[in-house]
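Counting from 1, position 267 in the sequence shown corresponds to residue 290 in this note's numbering; the numbering is continuous, with no gaps.
Glycine included, every Cβ here is placed at the ideal spot set by N, Cα and C.
What follows is a single structure, written as structure tokens, with notes after it.
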Amino acid sequence: MPCYNAIKVSVAFFNLERKVIFVVITHTLEGIRAAKIYINFRLEDFMTRIGHEDVVSELSFGLPIEEVQAYKQAKLQRAEELREKLGLSNPNLKSLGTQVISCHNAGIVQLFTVLNLVNRNLFTPEEFQYIIMTLVLHDYPEYAKGDTRDYVNTRAQSVDIDERHILTRDVSGCENTALVAWVLFSDRIMREYKFDNGLGNFMFMCDKCDFPASQLAYESIGLGGDIRYKDLNKLNTFDMRSIEITRSHRPADVFLCNLLLNYPETIEQKWFPLFMEFMKSVAWVAREGQDEDSRNLRWLDEYLANY
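See below:
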């Protein structure tokens, strides 16, 4: 069973209740099917992005410029082949920022929806509706101010404060006061109390797991990126450490490891085993035909064994 090691780690290190263990085990195969659904969603979103300059960045790690140019050209050619095959038009390059944010928000909602379908009755219909709205809106402020990062280590705390202020200002004019109250409440617990509140942590994990899961989706159609082609100045200390731990330059591995390094408290959270099960399911589907260590995210089991 592809996810056996993750189940073993979950049982050994998180002392889960029998009911939770049963859910993790019985939904492993259903999780793989959900991963396929999720991959299809992310590919649909991704087709609006391929060809953008953010897919691969500039030269780093001393690679010859000719190799970087050839790499970019090969990816663009592959993207054009997919566009032609699927009958898609070229994306509007002028709306890059909003497209990236929109795709991410859509991915989070789709991931949340899939997990909610796989694990029945996690939330009431009303909670589900409000959570969806919160996830859709949580990166809304980035339309206005962009995604500011502290490239030395991690995101600056002031970023969340600024985004929270913009969100509060702009949604407060909504006539649906109940929706406004719920969005602002759940956005706050997602940002400020993600390690003290189960709902906040669940939304936080949806947010942070979307990117590595989407990168696995891109891998499945031959468009997986390579960290070696990013600007070295934009790799923070956690990125470098993640490359060492995962023994991989693939964004899916590096950014998932980056999540664990940036937020070690995540490992102790209630929902952590569920999300890691899902990530392993996605890797199992996306890396079909590849080496078993890579497909099973062996580095993840090795990392968690230290806890």
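Once the 5 residues before and after residue i are set aside, which same chain residues still bring their CB inside 8 Å of it?
i, result
"residue 326", "268, 280, 283"
"residue 197", "203"
"residue 312", "none"
"residue 262", "250, 277, 281"
"residue 294", "221, 224, 225, 228"
"residue 266", "250, 272, 277"
What does a CB cutoff of less than 6 Å around residue i pick up in its chain, not counting 5 residues either side in sequence?
i, result
"residue 164", "186, 189, 190"
"residue 235", "275, 278, 279"
"residue 321", "none"
"residue 256", "none"
"residue 237", "65, 130"
"residue 323", "none"
Can you tell me whether DSSP reads residue i as helix, strand or coil?
i, result
"residue 57", "helix"
"residue 128", "helix"
"residue 191", "helix"
"residue 135", "helix"
"residue 89", "helix"
"residue 303", "helix"
"residue 67", "helix"
"residue 147", "coil"
"residue 294", "coil"
"residue 324", "helix"
"residue 216", "coil"
"residue 314", "coil"
"residue 162", "coil"
"residue 198", "coil"
"residue 94", "helix"
"residue 153", "helix"
"residue 330", "coil"
Compare the C-alpha of residue i against each of the options and name the closest.
i, options, result
"residue 59", "138, 290, 228, 151", "138"
"residue 288", "320, 235, 315, 220", "220"
"residue 329", "309, 304, 290, 314", "290"
"residue 309", "243, 141, 297, 66", "243"
"residue 154", "223, 54, 103", "223"
"residue 215", "237, 184, 127", "184"
"residue 239", "301, 129, 128", "301"
"residue 150", "162, 208, 103", "208"
"residue 102", "66, 227, 124", "66"
"residue 260", "252, 227, 314, 285", "285"
"residue 97", "247, 263, 314", "247"
"residue 141", "297, 312, 313", "297"
"residue 199", "237, 156, 295", "156"
"residue 316", "295, 294, 271", "271"
"residue 90", "69, 237, 249, 312", "249"
"residue 210", "201, 105, 226", "226"
"residue 94", "265, 324, 252, 314", "252"
"residue 22", "104, 262, 314", "Residue 22 cannot be examined here, being either before or after the span of the chain that is shown, 24 to 330."
"residue 62", "107, 266, 201, 241", "241"
Just to confirm my understanding: we take residue i, look at its own chain, exclude 5 residues before and 5 after, and list those with CB closer than 7 Å. What are they?
i, result
"residue 229", "131, 134, 135, 158"
"residue 160", "190, 194, 206"
"residue 55", "304, 307, 308"
"residue 218", "224, 288, 292"
"residue 162", "124, 127, 128"
"residue 233", "127, 130, 131, 134"
"residue 231", "282"
Any heavy atom of the ligand COA within a distance shorter than 7 Å of the CB on residue i?
i, result
"residue 131", "In terms of ligand content, the structure shown is empty, and the ligand COA therefore cannot be addressed."
Practice task
Output the residue ranges of the alpha helix (DSSP H) runs that lie fully inside the region 220 to 290 and measure 4 residues or longer, sorted by chain position.
Solution key: 221 to 242, 260 to 269, 274 to 285
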